[in-house]
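In order, the protein sequences belong to chains A and B.
Residue 14 in our numbering sits at position 14 of the first sequence, and the numbers go up by one each step.
Just so we're on the same page, our numbering is the position in the second sequence counted from 1, plus 1000.
C-beta atoms are modelled at their ideal positions from N, C-alpha and C, and glycine is treated no differently.
Below: one structure, written as structure tokens.
There are 2 protein chains.
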Amino acid sequence: MPNLDAAFSALADPTRRAILARLALGEATVMELVEPFEMTQPAISRHLKVLEGAGLIVRRVEGTKRPCRLAPTAVAEIDQWLGMLRRALETNYDRLDGVLAAMKPET
Amino acid sequence: MPNLDAAFSALADPTRRAILARLALGEATVMELVEPFEMTQPAISRHLKVLEGAGLIVRRVEGTKRPCRLAPTAVAEIDQWLGMLRRALETNYDRLDGVLAAMKPET
DNA sequence: CTGTTATATAACCGACTTGCTATATAACCG
DNA sequence: CGGTTATATAGCAAGTCGGTTATATAACAG
Chain A
1 MPNLDAAFSA
11 LADPTRRAIL
21 ARLALGEATV
31 MELVEPFEMT
41 QPAISRHLKV
51 LEGAGLIVRR
61 VEGTKRPCRL
71 APTAVAEIDQ
81 WLGMLRRALE
91 TNYDRLDGVL
101 AAMKPET
Chain B
1001 MPNLDAAFSA
1011 LADPTRRAIL
1021 ARLALGEATV
1031 MELVEPFEMT
1041 QPAISRHLKV
1051 LEGAGLIVRR
1061 VEGTKRPCRL
1071 APTAVAEIDQ
1081 WLGMLRRALE
1091 TNYDRLDGVL
1101 AAMKPET
């Protein structure tokens, strides 16, 4: 049971999604991530902490810098959970006609 | 540009994910959804409002009842966005050896 | 019409979020 | 050593969230 709360709630913020989109292009340091956003460095640092806590990014130490890159674990967890919804939607769609037909006469 | 904020933040709550999991088994009324959770009916009603606003469920009117079922739209939007991360993770994984090799000699 | 059932809404409260500024830490440059 | 650069942390204010209780609405049962 992984931390879906943390993962989904990390993704709920547009700034954090933008950071991830930026990291999808490749590793970046904190200051590189601060630059494109109109936001202070502490704010970005905290967003990164949230993303790291959710398992969406990892950081290494490189002198003074802390380059970040995407981590695969959280995305896999989310995919797995969403799979449940996807399957349900597919089968419900298949059954939809039958379900509706069975319902109307009963009301 | 759909409402990814609403969708992800709706999924960030464990009660709401549990509701969706229940709806994956099939349509349910509000009271049917209240029952398994140790929570008052107004609380569930608000969760449903959030899920509906995020496009994760739809409701019909059936007399006094408002049966809910899963909606496909938000899941599709999320999938699409996550696809970007998935692709990035795949390609980054492919490049990982090269990236690391190129990095070490430079530090 | 009356009472009950299903659901929604309002008002409130404590906890958390997200931005800010100011400051700490720690590595690097000369 | 001292100054600059990269990042983290602390403390604060405004806003949001997620629960509660109390109440409204609206259909249904008799």
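Residue i in three-state terms, based on DSSP
{"i": "L1085(B)", "result": "helix"}
{"i": "E35(A)", "result": "coil"}
{"i": "L1114(B)", "result": "Because chain B spans 1001 through 1107 in this model, residue 1114(B) falls outside it and cannot be assessed."}
{"i": "E1027(B)", "result": "coil"}
{"i": "V1061(B)", "result": "coil"}
{"i": "E106(A)", "result": "Confidence in E106(A) is poor, its pLDDT being 41 and thus under 50, which makes the residue's placement unreliable; the coordinate value appears in the next sentence. Correct three-state label for E106(A): helix."}
{"i": "L953(B)", "result": "Residue 953(B) lies beyond the range of chain B shown here (1001 to 1107); nothing can be said about it."}
{"i": "A1012(B)", "result": "coil"}
{"i": "G53(A)", "result": "helix"}
{"i": "T40(A)", "result": "coil"}
Distance CB(residue i)-CB(residue j) smaller than 8 Å
{"i": "P72(A)", "j": "E27(A)", "result": "no"}
{"i": "G1055(B)", "j": "A1018(B)", "result": "no"}
{"i": "R22(A)", "j": "P36(A)", "result": "yes"}
{"i": "L82(A)", "j": "I1078(B)", "result": "yes"}
{"i": "V75(A)", "j": "L1085(B)", "result": "yes"}
{"i": "P14(A)", "j": "D1013(B)", "result": "no"}
{"i": "A88(A)", "j": "A1088(B)", "result": "no"}
Proximity test, Cβ basis, 8 Å: residue i and chain B
{"i": "T15(A)", "result": "no"}
{"i": "M84(A)", "result": "yes"}
{"i": "S12(A)", "result": "A small correction: the amino acid at residue 12(A) is Ala; Ser does not occupy that position in the sequence shown. So yes, A12(A) belongs to the interface."}
{"i": "L48(A)", "result": "no"}
{"i": "T107(A)", "result": "For T107(A), the predicted model reports a pLDDT of 36, less than 50, meaning its position is unreliable and no value from the coordinates is stated."}
{"i": "A54(A)", "result": "no"}
{"i": "I44(A)", "result": "no"}
{"i": "L70(A)", "result": "yes"}
{"i": "L33(A)", "result": "no"}
Own chain residues within Cβ distance below 8 Å of residue i, not counting five before or after
{"i": "V1030(B)", "result": "Q1041, I1044, S1045, L1048, K1065, R1066, C1068"}
Contact with chain A by residue i, beta-carbon distance below 8 Å
{"i": "F1111(B)", "result": "Only positions 1001 to 1107 of chain B appear in the structure, and residue 1111(B) is not among them; the question remains open."}
{"i": "V1075(B)", "result": "yes"}
{"i": "I1019(B)", "result": "no"}
{"i": "I1057(B)", "result": "no"}
{"i": "A1028(B)", "result": "no"}
{"i": "L1089(B)", "result": "yes"}
{"i": "L1004(B)", "result": "yes"}
{"i": "R1066(B)", "result": "no"}
{"i": "M1001(B)", "result": "Note that M1001(B) scores a pLDDT of 48, beneath 50, so its modelled location is shaky and nothing firm can be said."}
Chain-order list of residues whose beta-carbon lies under 7 Å from that of residue i (same chain, five-residue window excluded)
{"i": "E1090(B)", "result": "none"}
{"i": "E1106(B)", "result": "Interpretation of E1106(B) is limited by its pLDDT of 42, a score under 50 that renders its predicted location unreliable; no figure is taken from the coordinates."}
{"i": "V1050(B)", "result": "A1010, R1016"}
{"i": "G53(A)", "result": "A6"}
Cut-off 6 Å between Cβ atoms - residues of its own chain near residue i, not counting five sequence neighbours on either side
{"i": "M1001(B)", "result": "Confidence is the limiting factor: at M1001(B) the pLDDT is only 48, short of 50, which leaves the residue's position unreliable, though a coordinate-based value still follows. Nothing meets the Cβ criterion."}
{"i": "R1059(B)", "result": "R1066, C1068"}
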